[in-house]
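In the numbering used here, the protein residues as written are 218 to 505. Below: the structure, in C-alpha cells.
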Amino acid sequence: MSFVIDDVLVRNDPAGLRLPVLFDSPHSGSVYPADFKVVCPHALLRQGEDTHVGELFAGAPDHGATLLCALFPRTCIDVNRAVDDIDPALIDGDWPTPLRPTPRSTLGMGLIRNMLRPGVPLYDGTLPASVVADRIDRYYRPYHAQMRATLDGLADRFGAVWHVNCHSMPSSLRPDGRDPLAVDFVIGDRDGTTSEPGFVRLVADTLRGFGRRVAINDPYKGVELVARYGDPARGRHSIQLEINRRLYMDEETLEPHAGFARLKGEIDMLIRRIADHAGQRVLRRAAE
Numbered sequence: 218m219s220f221v222i223d224d225v226l227v228r229n230d231p232a233g234l235r236l237p238v239l240f241d242s243p244h245s246g247s248v249y250p251a252d253f254k255v256v257c258p259h260a261l262l263r264q265g266e267d268t269h270v271g272e273l274f275a276g277a278p279d280h281g282a283t284l285l286c287a288l289f290p291r292t293c294i295d296v297n298r299a300v301d302d303i304d305p306a307l308i309d310g311d312w313p314t315p316l317r318p319t320p321r322s323t324l325g326m327g328l329i330r331n332m333l334r335p336g337v338p339l340y341d342g343t344l345p346a347s348v349v350a351d352r353i354d355r356y357y358r359p360y361h362a363q364m365r366a367t368l369d370g371l372a373d374r375f376g377a378v379w380h381v382n383c384h385s386m387p388s389s390l391r392p393d394g395r396d397p398l399a400v401d402f403v404i405g406d407r408d409g410t411t412s413e414p415g416f417v418r419l420v421a422d423t424l425r426g427f428g429r430r431v432a433i434n435d436p437y438k439g440v441e442l443v444a445r446y447g448d449p450a451r452g453r454h455s456i457q458l459e460i461n462r463r464l465y466m467d468e469e470t471l472e473p474h475a476g477f478a479r480l481k482g483e484i485d486m487l488i489r490r491i492a493d494h495a496g497q498r499v500l501r502r503a504a505e
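Set out below in C-alpha cells:
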C-alpha cells in the first residue's frame, strides 16, 4: 500500500500488521525539477544524494513499519533543516518573515543549498524569493505534513512511536574536515534528547553484532527531523542513522558493489529487531 505525491514523496505502508515504527529517507530523492537550474554538472550534483538509502530500507513495510521517502533531491531543498535556516545573501528580493541562518547556511548547506560541497557552487548568483517560497510550499511543507501526520497517527493509536531518520555519509572526510571517518554507522539522538536510551542501545548493539563499527553523536548528532519530532517524554523516540557509503557503493559512480547485498540483509535484520522492540513495548503498555 502506497501514498504518493508526484515528484514529492512516497509513503509505503504495511499491508498487514502495523506497528508504531517509521523509517524516513529525506535525502535519497533523484527526481530533479525541470526548473532547477544549476551550474554544477548533473553527474557531480548526484553525489549530493543519499543514493540507494531508500532501497536499503525498502523492506520496512514487510515488518509492520512505515517507510517515507522524498522523491526530490536535497540540493533543491533540504527538509532536514529548519524552514528559516536560509542565508539572506542567497535571496533576491524581500522575505516576509525573519530568517535565522545557522552556521550550516553560511557554509552553503542550509535549507536551500548554494554549495554542493566546499569549492563546488550550485548557482552563479542569487535566487528570487519567489523560487525559494515555491520550493518550501511544493516540497518542504508536504514532507513535514506527512511526517507529522504519520507520527501523530501511530502515537495516538499505540501510545508511543519509534522513528529512524535514514541517511548515508561520505567516507572521505568528517563534516568538520578532519580525518576520514573510521566508523561504519553513526547514531544521533542529539545527546540523548530525542529518544529513550534503550532504543539507541538496541540499534548500536545490533549493528555491532554484525561486526560493524558504531559511533554515537560523533560527528552527526541529528538535525531538524529528529529535533522536531523526537520527544521521549511523550513516547516519541527519534534517532538519526548515518551509513558509511563505502559499505555498499562506489562513491564516484554511485553504483552498488558487492557489499550491498550483505548490508541490505543486515538492515533487514535491524528493521525486524526494531519492530520487535516496538511490538513488545506496545504489548507491555497494553497489559499495564
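Note that beta-carbon positions come from the ideal geometry of N, C-alpha and C, so glycine has one too. All figures in this text were calculated on a predicted structure; none of them were measured in a lab.
Cβ atoms of A277 and L288 stay farther apart than 8 Å, at about 17 Å. Per the coordinates, the alpha-carbon of G310 lies some 47 Å from the alpha-carbon of R430. Counting only residues of its own chain and dropping the five nearest sequence neighbours on each side, V417 has a CB closer than 7 Å to the CB of I404, D406, I433 and I456. Here P338 carries a strand assignment [DSSP, helix/strand/coil].
Taking the CA atoms as reference points, L368 sits about 11 Å from G376. L424 counts as buried, since at least 16 other C-beta atoms from the protein chains shown sit within 10 angstroms of its C-beta. For F220, the enclosing beta strand (DSSP E) covers residues S219 to I222.
Here the alpha carbon of P414 sits roughly 44 Å from the alpha carbon of D252.
Fewer than three beta-carbon pairs drawn from the stretch 261-278 and the stretch 304-318 are found closer than 8 Å, and the two stretches are therefore not classed as touching. The C-alpha of R352 is placed about 8 Å away from the C-alpha of C293. Per the coordinates, the alpha-carbon of S385 lies some 13 Å from the alpha-carbon of P473. DSSP places R365 inside the alpha helix (DSSP H), whose first and last residues are R358 to F375. For M386, the uninterrupted beta strand (DSSP E) segment begins and ends at V378 to M386.
Closest in C-alpha terms to T343, from the list A350, N331, R358 and R228, comes N331. In the three-state reduction of the DSSP assignment, P345 falls in the strand class.
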